[in-house]
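Asker: Sharing a structure here in structure tokens format.
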Amino acid sequence: MAYICERMEQVTVIGAGSWGTAVAALAARENAVTLWARRSELAEAINRQSENPDYLPGVRLPFGLRSTADLAEAVAGAGILALAVPSHGFRAIVDEIRSVPAQVPIISLTKGIEVETLCRMTEIIAEGFPTHVSDRVGVLTGPNLAAEVMAGSPTAAVVAMQDQEAAKQVQATFAGPTFRVYTNDDVVGCELAGSLKNVMAIAAGMSTGLGFGDNTRAALITRALAELTRLGVALGGAPATFAGLAGMGDLIATCTSSQSRNHRVGVGLAAGKRLEQITGEMNMVAEGIKTTKAVLELANRAGVEMPIAQQVGKVLYEGHHPRQAVMTLMTRASKSES
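Taking the working numbering, the leading residue of the sequence shown gets 48, the next gets one more, and so forth.
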């Protein structure tokens, strides 16, 4: 039976940070959208001002978007459910959601790995909703900086879900004139790519903060792509995924943009700031700080060498200076590129 695109959906986005708000706004152009905010005062401000004053100040939100701090109210009647909460709080939110119809597409917008269990966010969703149709759980990911998306700068993303009918439903809901959405069935690869690139973005920020130029950045991004592809494929992702929007596309965006929170962490570390100081100056989570530990553990279990991630870990957790990390990488034994 041919797929017929139905544009009107009841969409729920859980998490009113910058990216959750941006995704909610994308859907609200032609759908009724409920955006859940943890704090009631933020939900009230969004409804009153038609903007998110904490995370996207000055950006007008569509008329079809409303916010609530009541989780049960937010989820009730959802035809598509999107989760945009930080990885360290993801499981707690999933556990709070009482029921979601088994056929409703659920997508993660979170690019991280749970440190304690090494679970991807879709694995946490599967554990939290054991009777849900597993093929209708996926991710929306890509080179998508929230401020640029809201400004209407053309970009693209990929929705990865094994049920292609559901993937097309999600695609139609979020796609627009400046936000092109592709489908993919490689949930594992797309999800890992989005998480692993955050670690590499911290490394790129260190490079920028140390004053290195375009040659360094290009070499770093290229080797970072090789590194995250090795681990991603070892963990079940398809090689081609890492050359696409979820992999190379997102890696380039986060490794080159000052808007990237993880990139800013690296810049701050290169400037000699303590990690606590850097995070204290940010009102949003830089997933790479926690994800690096999980990535290194996954790499160790899979027997995959990840020298860039290893050096990022030494800077984050062992007090090494970024310049020391660079010298360690540059003086490694020579080897074949392949």
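Every residue gets a Cβ at the ideal spot worked out from N, C-alpha and C, and that includes glycine. Please read these numbers as outputs of a predicted model, since none were measured by experiment.
To the nearest angstrom, report how far apart T202 and V151 are at their CA atoms.
Answerer: The alpha-carbon atoms of T202 and V151 are separated by roughly 26 Å.
Asker: Helix or strand or just coil, what does DSSP make of G335?
Answerer: In the structure shown, G335 sits in a helix (DSSP, three-state: H, G or I).
Asker: How far does the alpha helix (DSSP H) with I249 in it extend, from its first residue to its last?
Answerer: 234-256 is the span of the alpha helix (DSSP H), which, as asked, contains I249.
Asker: Mind listing, in chain order, the continuous alpha helix (DSSP H) runs of no fewer than 4 residues lying wholly within the segment 259-297?
Answerer: DSSP runs (the alpha helix (DSSP H)) wholly in the segment 259-297: 261-281.
Asker: Could you check where the alpha helix (DSSP H) with Q218 kicks off and where it finishes?
Answerer: Unbroken alpha helix (DSSP H) run through Q218: 211-221.
Asker: Buried or exposed for Y364, please, with buried defined as at least 16 other CB atoms from any protein chain shown within 10 angstroms of its CB.
Answerer: Label assigned to Y364: exposed.
Asker: By the 10 Å Cβ neighbour count, where 16 or more other Cβ atoms means buried, how is N330 classified, buried or exposed?
Answerer: With fewer than 16 other Cβ atoms within 10 Å, it is exposed.
Asker: Tell me which residues share the same chain as S304 and place their Cβ nearer than 8 Å to its Cβ, disregarding the 5 neighbours each side in the sequence.
Answerer: Only L192, H310 meet the Cβ criterion.
Asker: Given a threshold of 16 other Cβ atoms within 10 Å of its Cβ, counted over all protein chains shown, does E334 qualify as buried or as exposed?
Answerer: Burial call: buried.
Asker: Contact check, I171 vs E161 under 8 Å by CB: the rounded distance?
Answerer: Between E161 and I171 the Cβ distance is about 6 Å, and since that is below 8 Å, they are a contact.
Asker: Let me confirm a value: N245 is counted as buried when at least 16 other C-beta atoms fall within 10 Å, else exposed. Which label applies?
Answerer: By the 10 Å Cβ count, N245 comes out buried.
Asker: Quick one: Cα of V312 to Cα of N262, how far?
Answerer: Each residue's alpha carbon lies about 21 Å from the other.
Asker: Return yes when the Cβ of A222 is within less than 8 Å of the Cβ of R183, no when it is not.
Answerer: Result no, Cβ atoms of R183 and A222 do not sit closer than 8 Å.
Asker: Along the chain, where does the beta strand (DSSP E) that runs through R138 open and close?
Answerer: From DSSP, R138 is part of no beta strand (DSSP E) but of the alpha helix (DSSP H) over 134-143.
Asker: Curious, which full-length alpha helix (DSSP H) runs of at least 4 residues does the segment 55-86 contain?
Answerer: The segment 55-86 contains these whole alpha helix (DSSP H) runs: 65-74.
Asker: Beta-carbon separation of A116 and V70 under 8 Å?
Answerer: The answer is no: Cβ separation not under 8 Å.
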